[in-house]
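Just below is one structure, and these are the notes that go with it.
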Amino acid sequence: MDSARRHHDQFVSEIVPKFQGQQINDEVVRGLLQPYLDAVQVKLLPDMALQLKQRFEHFVSCAVESVRRDAHMNEARGESVLDEKWADALLVSFVNRACMPLDLGLYTCDLKE
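What follows is the structure, given as structure tokens:
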């Protein structure tokens, strides 16, 4: 869990500011989540890494809709302009989608624990 917390702290301090205030689109979602994907893929078997990459590609195109659909699981509200709440919501939504068919039930508040 400490490793996950360090990654999240790095995410908030280094990656999120690069996109802060931008309208969320495919490019922003890729730039925001690609470092996480890269870090995880190196720890997976090749076929699992490929499957995760495919799920990532699909997620990018529906990221905003996914966050809005899962509004009960995050604090992202209003315009889809990147701030820390939207960044956390995108991360959680991707993790939940990437692990399907398992339902992790991960909420953004879980990132703080």
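Mind the numbering: the sequence shown is residues 3 to 115 in this note's numbering, read in order. Note that the Cβ used here is the ideal one computed from N, Cα and C, for glycine as well. Every value quoted in this text rests on a predicted model; they were computed, and no experiment measured them.
Need the endpoints of the alpha helix (DSSP H) that N76 sits in, please. Where N76 is concerned, there is no enclosing alpha helix (DSSP H), given that its DSSP letter is neither H nor E.
Extent of the continuous alpha helix (DSSP H) run through L54: 48-71
Alpha carbon to alpha carbon, how far is Q43 from L54? Give it in angstroms, no decimals. 8 Å
Whose C-beta lies closer than 7 Å to the C-beta of E86 among residues of the same chain, with five residues either side of it excluded? V14, V18
So, under 8 Å CB-CB, K45 and G33 are touching, yes? Tell me the CB distance rounded to an integer number of Å. Between G33 and K45 the Cβ distance is about 21 Å, and since that is not below 8 Å, they are no contact.
Name the DSSP bridge partner or partners of V83? Q25
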